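**Student:** One structure, as structure tokens, below. Some questions next.
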Amino acid sequence: MVGVPGRSKGCVTCRKRKKGCDLAQPACGQCNERGIVCGGYDSDRIFIYQANERHKKAAPPARETRLTPIKTAANANMGAARQPRPISIVLPETLRRSAYSEKTLEAFISMYIPRGEYRASNADSQGFVDVLPILVIRDKALQMAVLAIGTAALGRTTEDPNLNRQGRTLYGQALTETAVALRDPTRANSEAMLLVPRTMALFEILFGADKNVDQATGWLSHAIGEMALITSRGPESFSKDDAAHSLFVNARFRLLISAVRTRKATILDTPEWKTLPWGMMPKTPNDTLCDIFCGAPELMEAMELIVSGALSPKRQERLRTAIITKAWGLHLQLQDWITTNKDEVVAPEILDGMIPLTFPNLEIACQTVRYWVIALLIYSNLDFAANVPETATSWTTTHPNRPHPRMYARLLARSASYLFQERHGIMGATAMSFPLGMTLFYMSRNRAADGPYLGMIMKAWNDPNLPSAIRDFLASLKQGQKMPPLPSKDPIQGFPVDT
Numbered sequence: 001m002v003g004v005p006g007r008s009k010g011c012v013t014c015r016k017r018k019k020g021c022d023l024a025q026p027a028c029g030q031c032n033e034r035g036i037v038c039g040g041y042d043s044d045r046i047f048i049y050q051a052n053e054r055h056k057k058a059a060p061p062a063r064e065t066r067l068t069p070i071k072t073a074a075n076a077n078m079g080a081a082r083q084p085r086p087i088s089i090v091l092p093e094t095l096r097r098s099a100y101s102e103k104t105l106e107a108f109i110s111m112y113i114p115r116g117e118y119r120a121s122n123a124d125s126q127g128f129v130d131v132l133p134i135l136v137i138r139d140k141a142l143q144m145a146v147l148a149i150g151t152a153a154l155g156r157t158t159e160d161p162n163l164n165r166q167g168r169t170l171y172g173q174a175l176t177e178t179a180v181a182l183r184d185p186t187r188a189n190s191e192a193m194l195l196v197p198r199t200m201a202l203f204e205i206l207f208g209a210d211k212n213v214d215q216a217t218g219w220l221s222h223a224i225g226e227m228a229l230i231t232s233r234g235p236e237s238f239s240k241d242d243a244a245h246s247l248f249v250n251a252r253f254r255l256l257i258s259a260v261r262t263r264k265a266t267i268l269d270t271p272e273w274k275t276l277p278w279g280m281m282p283k284t285p286n287d288t289l290c291d292i293f294c295g296a297p298e299l300m301e302a303m304e305l306i307v308s309g310a311l312s313p314k315r316q317e318r319l320r321t322a323i324i325t326k327a328w329g330l331h332l333q334l335q336d337w338i339t340t341n342k343d344e345v346v347a348p349e350i351l352d353g354m355i356p357l358t359f360p361n362l363e364i365a366c367q368t369v370r371y372w373v374i375a376l377l378i379y380s381n382l383d384f385a386a387n388v389p390e391t392a393t394s395w396t397t398t399h400p401n402r403p404h405p406r407m408y409a410r411l412l413a414r415s416a417s418y419l420f421q422e423r424h425g426i427m428g429a430t431a432m433s434f435p436l437g438m439t440l441f442y443m444s445r446n447r448a449a450d451g452p453y454l455g456m457i458m459k460a461w462n463d464p465n466l467p468s469a470i471r472d473f474l475a476s477l478k479q480g481q482k483m484p485p486l487p488s489k490d491p492i493q494g495f496p497v498d499t
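Residue 349 in full-length UniProt numbering sits at position 349 of the sequence shown, and the numbers go up by one each step.
In structure tokens form, the structure reads like this:
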């Protein structure tokens with residue numbers, strides 16, 4: 001543990017843009033490629049955990065420049081190589097006294113970050129690692145949660161069942177301390193508390209806190225708790241503090257996943273929650289993609305209402321029309337997004353092949369599968385509302401005037417083996433869990449058409465290097481998914497269907 005300059009070793013400009021930085025001196029390559037002034041490197045000091053590499057002294061900070069909003073800026077080359085940098089991690093006073101505690105934290109970081117390499121992670125995980133060192137010293141509940149997951153991680157790497165049990169005990173203590181914190185208005189509204197549900201949810205994914213409760217249910221309960229903490233603060237509060245803003249933007253995708261699973265429209269789809277948390281800050285491509293994703297839970301809630309049979313035929317048709325209108329609007333937004341941000345994702349030359357996909361790096365892979373799963377949700381709900389027939393002989397992957405959901409499901413199936421690679425650690429597998437769950441959900445409706453692609457998923461699923469906890473979590477995600485019946489009515493008048 002040593003003191004070095006910088007909370008995050010990226011230049012000021014790349015950190016504000018939430019982009020990876022190659023750490024070139026005196027100005028980074030990302031800024032030079034865009035023709036903007038590099039903000040230099042901060043000189044504030046923190047403690048870091050070094051992942052078996054020596055660090056260099058930071059250059060003096062240069063003058064900052066105003067950033068161009070993302071909608072008008074040219075897209076950076078996301079495939080540019082990034083230099084490795086140390087993982088920043090601050091230990092609270094009680095943990096710094098114990099070499100054992102440091103070892104547990106190291107075990108967690110090694111499991112979470114692919115091979116301990118910060119540069120190999122995606123923006124969401126980089127944000128988590130960046131703010132955790134700052135916030136972990138501010139609240140006992142977060143300290144206990146981090147110690148619980150670190151102890152359990154150390155137990156797994158050393159195959160020590162006593163450490164596994166101790167990790168579960170610490171997890172229970174963290175839950176108790178969280179309940180105490182939530183009764184204190186000051187603690188409940190702190191940034192540190194916003195990290196507690198995410199850390200707890202990660203424990204559920206990796207270790208399953210309670211064997212009597214499936215992992216997906218435990219994860220969902222923490223996601224709902226995280227949503228409650230965020231909404232209680234109000235949208236404008238997340239524009240006033242860099243740490244709070246980072247926590248919010250990195251939490252949105254997870255919170256929307258929980259809304260999809262519960263099939264409930266979300267407050268995040270309101271104009272206030274899509275604007276106020278940014279204030280004067282420009283949105284990133286991931287931010288604008290999540291804006292589109294915000295509309296998906298409402299589609300699924302409406303679809304669930306139709307499937308329930310609680311509506312009269314006339315009200316069902318009105319609701320179907322409303323779903324189509326909403327989904328078509330999301331389709332147009334998604335088309336605009338991919339036109340503007342085509343460099344942010346991979347576009348395979350062969351869309352309907354059987355060759356597993358590869359990506360330039362994990363960051364692009366995560367962004368790409370997010371885009372594909374959002375498209376899958378929008379277009380599958382659009383097909384359902386429009387009564388597009390789906391039969392055992394319907395193997396089409398095209399529509400005359402919009403993309404077909406099957407194309408995205410197959411692209412996701414072809415991506416599983418890449419994200420499940422051991423070198424991507426827990427991060428890759430968890431990033432793929434929701435997209436893969438939605439893919440299995442879609443393909444289960446027509447196994448005859450998608451059998452070979454299901455086989456690709458099962459091959460990746462049975463990879464011995466895939467952690468068993470992740471496999472169990474994916475299985476629990478699939479449990480409880482309500483499969484809608486295949487459309488049986490005639491298509492809605494005027495809505496084009498493949499022939």
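Just so it is clear, CB atoms sit at the ideal spot from N, CA and C, and this is done for glycine as well. A quick note: this is a predicted structure, and the numbers were derived from the prediction, not measured.
Indicate the three-state DSSP secondary structure (helix, strand or coil) for Thr358 in the structure shown.
**Tutor:** Along the sequence shown, one-based indexing puts residue 358 at 358. Thr358: coil per DSSP, three-state reduction.
**Student:** If you measure between the beta carbons of Pro403 and Ala375, is that distance less than 8 angstroms?
**Tutor:** Against the sequence shown, residue 403 aligns to sequence position 403. Against the sequence shown, residue 375 aligns to sequence position 375. The answer is yes: Cβ separation under 8 angstroms.
**Student:** Tell me the DSSP secondary structure of Pro313 in three-state form.
**Tutor:** On the sequence shown, position 313 is the one that residue 313 refers to. Reduced to three states, the DSSP call for Pro313 is helix.
**Student:** Rounded to the nearest angstrom, what separates Cys31 and Thr284 at their Cα positions?
**Tutor:** Walking along the sequence shown from the start, residue 31 turns up at place 31. Walking along the sequence shown from the start, residue 284 turns up at place 284. Computed Cα separation, rounded: 16 angstroms.
**Student:** Quickly, what does DSSP pair Thr398 with across the bridge? List them, please.
**Tutor:** Here residue 398 refers to the residue found at position 398 when the sequence shown is read from its first residue. The secondary-structure analysis by DSSP pairs Thr398 across a beta bridge with Pro403.
**Student:** Residues in the same chain with beta-carbon distance under 7 angstroms from Lys264, minus the five sequence neighbours each way, listed in chain order, please.
**Tutor:** Within the sequence shown, residue 264 is the residue found at index 264, counting from 1. The residues are Pro297 and Glu301.
**Student:** Along the alpha helix (DSSP H) that carries His424, what are the first and last residues, could you check?
**Tutor:** Here residue 424 refers to the residue found at position 424 when the sequence shown is read from its first residue. Unbroken run through His424: none, as it is neither H nor E.
**Student:** Within this structure, are the beta carbons of Ala385 and Arg445 separated by less than 8 angstroms?
**Tutor:** Along the sequence shown, one-based indexing puts residue 385 at 385. Along the sequence shown, one-based indexing puts residue 445 at 445. It is not a contact, given that the beta carbons lie outside the stated cut-off.
**Student:** Taking the alpha carbon of Ser417 as the point to measure from, which residue in Leu276, Ile306, Met432 and Tyr408 has its own alpha carbon closest?
**Tutor:** By 1-based counting over the sequence shown, the position of residue 417 is 417. It is Met432 whose Cα lies nearest to the Cα of Ser417.
**Student:** Any idea if Asp498 is buried or exposed, counting beta-carbon neighbours within 10 angstroms, 16 or more meaning buried?
**Tutor:** Counting from one through the sequence shown, the residue named residue 498 turns up at place 498. The pLDDT assigned to Asp498 is 33, lower than 50, so where the model puts this residue is not dependable; a value taken from the coordinates is nonetheless given after this. Asp498 should be labelled exposed.
**Student:** Apart from the five residues just before and just after Ser252, which ones in its own chain have a Cβ nearer than 7 angstroms to its Cβ?
**Tutor:** Stepping through the sequence shown from its first residue, residue 252 is reached at position 252. It should be pointed out that residue 252 corresponds to Arg in this sequence rather than to Ser. Take Arg252, set aside five residues on each side of it, and the residues of its chain with a beta-carbon closer than 7 angstroms to its own are Leu268 and Cys290, in chain order.
**Student:** How many whole angstroms separate the CB atoms of Ala174 and Ala201, which I take to be in contact at a CB cut-off of 8 angstroms?
**Tutor:** Locating residue 174 in the sequence shown gives position 174, counting from the first residue. Locating residue 201 in the sequence shown gives position 201, counting from the first residue. Between Ala201 and Ala174 the Cβ distance is about 12 angstroms, and since that is not below 8 angstroms, they are no contact.
**Student:** Please classify Leu67: does DSSP put it in a helix, a strand, or coil?
**Tutor:** What you label residue 67 is simply residue 67 of the sequence shown in a count that begins at 1. For Leu67, the predicted model reports a pLDDT of 29, less than 50, meaning its position is unreliable; a value from the coordinates is still stated below. If DSSP states are grouped into helix, strand and coil, Leu67 belongs with coil.
**Student:** Among Ala429, Ile257 and Tyr453, which has the Cα closest to the Cα of residue 502?
**Tutor:** Because residue 502 is not part of the residues shown, which for the chain are 1 to 499, the question remains open.
**Student:** By how many angstroms is the C-alpha of Leu206 removed from the C-alpha of Asp336?
**Tutor:** In the sequence shown, the residue the question calls residue 336 occupies position 336. In the sequence shown, the residue the question calls residue 206 occupies position 206. The alpha-carbon atoms of Asp336 and Leu206 are separated by roughly 37 angstroms.
**Student:** Spell out a yes or no on whether the segment 180 to 189 and the segment 155 to 171 are touching, meaning 3 or more CB-CB pairs, one atom from each, closer than 8 angstroms.
**Tutor:** No, the segment 180 to 189 is not in contact with the segment 155 to 171.
**Student:** Enumerated in chain order, which unbroken segments of the alpha helix (DSSP H) with a length of 4 residues or greater are wholly contained in the segment 154 to 215?
**Tutor:** Listed in chain order, they are 161 to 182, 185 to 188 and 191 to 207.
**Student:** Can Phe108 and Ile137 be called in contact, C-beta distance under 8 angstroms?
**Tutor:** Within the sequence shown, the letter at position 108 stands for residue 108. Within the sequence shown, the letter at position 137 stands for residue 137. Taking 8 angstroms as the Cβ cut-off, Phe108 and Ile137 do not qualify as a contacting pair.
**Student:** What separation, rounded to the nearest whole angstrom, lies between the Cα atoms of Val260 and Met427?
**Tutor:** Residue 260 sits at position 260 when you count from the first residue of the sequence shown. Residue 427 sits at position 427 when you count from the first residue of the sequence shown. If I take the Cα positions, the gap works out to 21 angstroms.
**Student:** Since Val196 and Ala243 should fall inside the 8 angstroms C-beta cutoff, what is the C-beta to C-beta distance between them, to a whole number of angstroms?
**Tutor:** As a first step, residue 196 must be located in the sequence shown, where it is residue number 196. As a first step, residue 243 must be located in the sequence shown, where it is residue number 243. Not really, about 14 angstroms apart at Cβ, beyond 8 angstroms.
**Student:** Just the Cα atoms here: how many angstroms apart are Cys294 and Asp160?
**Tutor:** The sequence position of residue 294 within the sequence shown is 294, counting from 1. The sequence position of residue 160 within the sequence shown is 160, counting from 1. One C-alpha to the other measures close to 42 angstroms.
**Student:** Taking the alpha carbon of Glu204 as the reference point, which residue from Thr397, Gly437 and Gly172 has its own alpha carbon closest?
**Tutor:** As a working note, residue 204 is residue 204 in the sequence shown. Ranking the options by Cα distance to Glu204, first place goes to Gly172.
**Student:** Enumerate in chain order the residues of its own chain whose CB-to-CB distance from Lys240 is below 6 angstroms, with the five nearest sequence positions on each side excluded.
**Tutor:** For the purposes of this step, residue 240 is identified with residue 240 of the sequence shown, where counting begins at 1. There are no such residues.
**Student:** Please determine, among Leu357, Gln367 and Ile323, the residue with the shortest C-alpha to C-alpha distance to Ile338.
**Tutor:** Sequence index remark: in the sequence shown, residue 338 carries index 338 (1-based). Comparing Cα positions, the closest option is Gln367.
**Student:** If you run the structure through DSSP and keep just helix, strand and coil, what is Leu454?
**Tutor:** In the sequence shown, residue 454 corresponds to position 454, counting from 1. In the structure shown, Leu454 sits in a helix (DSSP, three-state: H, G or I).
**Student:** Using the C-alpha atoms, what's the distance from Met280 back to Pro61?
**Tutor:** Numbered from its first residue, the sequence shown carries residue 61 at position 61. Numbered from its first residue, the sequence shown carries residue 280 at position 280. Because the pLDDT of Pro61 is 36, which lies under 50, any placement of that residue in the model is unreliable, and the question is left without a value.
**Student:** How big is the Cα-Cα spacing for Val2 and Lys342?
**Tutor:** Residue numbering aside, residue 2 sits at position 2 when the sequence shown is read from its first letter. Residue numbering aside, residue 342 sits at position 342 when the sequence shown is read from its first letter. Confidence is the limiting factor: at Val2 the pLDDT is only 36, short of 50, which leaves the residue's position unreliable, though a coordinate-based value still follows. Computed Cα separation, rounded: 41 angstroms.
**Student:** Can you tell me where the alpha helix (DSSP H) holding Lys274 begins and where it ends?
**Tutor:** For the purposes of this step, residue 274 is taken as residue 274 along the sequence shown, with counting starting at 1. Looking at the DSSP string, the run of the alpha helix (DSSP H) that includes Lys274 is Pro271 to Thr275.
**Student:** Rounded C-beta distance between Asp383 and Ala409? I'm assuming under 8 angstroms.
**Tutor:** Within the sequence shown, numbered from 1, the residue matching residue 383 stands at position 383. Within the sequence shown, numbered from 1, the residue matching residue 409 stands at position 409. The pair is not a contact, with the Cβ atoms about 12 angstroms apart (cut-off 8 angstroms).
**Student:** Residues in its own chain within less than 8 angstroms of Thr157 by CB, not counting five upstream and five downstream?
**Tutor:** The residue given as residue 157 occupies position 157 in the sequence shown. Cβ neighbours of Thr157 beyond the five flanking positions: Ala107, Ser110 and Met111.
**Student:** Does the segment 346 to 361 come close enough to the segment 312 to 329 that 3 or more CB-CB pairs lie under 8 angstroms?
**Tutor:** no
**Student:** Between Asp352, Pro348, Ile323 and Asn286, which has its C-alpha nearest Thr340's C-alpha?
**Tutor:** Here the question's residue 340 lines up with position 340 in the sequence shown. When Asp352, Pro348, Ile323 and Asn286 are compared, the shortest CA-CA separation from Thr340 is found for Asn286.
**Student:** Hey, out of Asn387, Asp352 and Thr398, whose CA is closest to Arg414's CA?
**Tutor:** For the purposes of this step, residue 414 is taken as the residue at position 414 of the sequence shown. Among Asn387, Asp352 and Thr398, the Cα nearest to that of Arg414 belongs to Asp352.
**Student:** Rounded to whole angstroms, what is the Cα-Cα separation between Thr398 and Leu412?
**Tutor:** Mapped onto the sequence shown, residue 398 falls at position 398. Mapped onto the sequence shown, residue 412 falls at position 412. If you take the alpha carbons of Thr398 and Leu412, they lie about 16 angstroms apart.
**Student:** Determine the direct distance from the alpha carbon of Ala152 to that of Leu135, and round the result to whole angstroms.
**Tutor:** Position 135 of the sequence shown, counted from the first residue, corresponds to residue 135. Position 152 of the sequence shown, counted from the first residue, corresponds to residue 152. When rounded, the distance between both Cα atoms is 21 angstroms.
**Student:** From Asp463, Leu247 and Trp461, pick the residue whose C-alpha is nearest to that of Val131; which is it?
**Tutor:** Your numbering for residue 131 matches position 131 in the sequence shown. Selected option, being the one with the closest Cα: Leu247.
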